[in-house]
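Notes follow once the structure below has been shown.
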Amino acid sequence: MPLETLIYLAGLVLTVGAIGGLGVVGIGELRVRAQRRSRLSGGGTVTGGGFGEGPGSALADRVVSTVRRLGQQSAVRDPEKVSVLRSRLMQAGFYAREAPVIFLGVKAVAIAVATLGVVMTLPAMIAKEGGNMGALAIAVSVSLAALYGPDFVLKSRKTKREREYTEGFPDLLDLLVASVEAGLSLDAGVSRVTEELERRYPTLTVHLRFLVLELRAGRARKDAWTAFAERLGIDDARQLATMLRQAEEMGTSLGETLSVFSADMRSKRMLRAEEKALGLSAKLTVPLILFIFPSLLGALMLPAAARLVHVFGNGTPH
């Protein structure tokens, strides 16, 4: 079999595997959103046929069931990792109960697809004397994508959301201070702040809604705020939870405590902005040397070089 055909097949298998994994994750997210909309509208629980009938829906259900079965097998082998994985998935925006199982199933499917791709590249590596570096590079790339791809996607989503949480937390505290000083209780202030931040920080608002539901369900305030901080996964939220617990235990004024903490958060946000601004000159050094300076030098020197070529080419100066 020619090398070009093997490379094409390996690329095709990798592409199909990636599309399948993204499709599975997308289907799971759609199911969760449909269930939320149904509960909010009072329509009950969405079943597997909630996305329509037909061969496409049946095929999607079979794919999801296969991935779920593989994930359950992985979860049974390592149950301690499931709780840690659930926390990571919640921080990345996957709140479904079966999210860890589906994630483990996607990793298992990715590894299986990568194994198939590596097996398909073996003939190309063996056929050529001394090995085939192109086929070896494809095999290594497919293996690394299968092993670290899902974790990389999860980490990137988590990092993106943590950036939004960090940016929105000072605004959250400012609005919470205003609500408490206006006479609202802390729980009522959180509900009011959730409505105000919905458009600007939608992801942060989801966690605030969880917090409001836990407080309405009767969970202890310190436990609810601690769980809220763990879901966000940022230090500012953990400090706020600790501060609220200490204020409740010591009986200090909640409004003054929140005011001091809000001013501290604003100062931290300003310091982060100044740090980024001061580091901009160092980050621009490499692009300046590699791209901007050669372009500027070429723009300045090319007219003179063209003039010299024209002069000495004709043999007579003008």
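Residue numbering for the sequence shown follows the working numbering, beginning at 49 and increasing consecutively. The beta-carbon is built from N, C-alpha and C at its ideal position, and this holds for glycine as well.
Judged by beta-carbon spacing, V225 lies beyond the 8 Å limit of G299, meaning their Cβ atoms are not closer than that value. The C-beta separation of T305 from M318 comes to about 21 Å, leaving the pair out of contact by the 8 Å criterion. Scanning the segment 194-257 for uninterrupted alpha helix (DSSP H) segments of 4 residues or longer gives 234-244, listed from N- to C-terminal end. With contacts defined as CB atoms closer than 8 Å, L259 and E212 fail to qualify as a contacting pair. Shown here, T274 sits in a helix according to DSSP, grouped into three states.
Rounded to whole angstroms, the separation of the alpha carbons of V334 and L350 is 23 Å. Taking every protein chain shown into account, the CB of A285 has 16 or more other CB atoms within 10 angstroms, so this residue is buried. Counting every other CB atom within 10 Å of its CB across the protein chains shown gives Q294 a total below 16, marking it as exposed.
E278 has its alpha-carbon roughly 14 Å from the corresponding atom of T214.
DSSP places F309 inside the alpha helix (DSSP H), whose first and last residues are 302-331. By the 16-neighbour rule on beta-carbons within 10 angstroms, S315 is exposed. Short of 6 Å from the beta carbon of A289, and not among the five residues preceding or following it, lie these beta carbons of its own chain, in chain order: W273, T274, A277.
Per DSSP, E297 is one residue of the alpha helix (DSSP H) stretching across 283-298. When secondary structure is reduced to three states using DSSP, A354 falls in the helix class.
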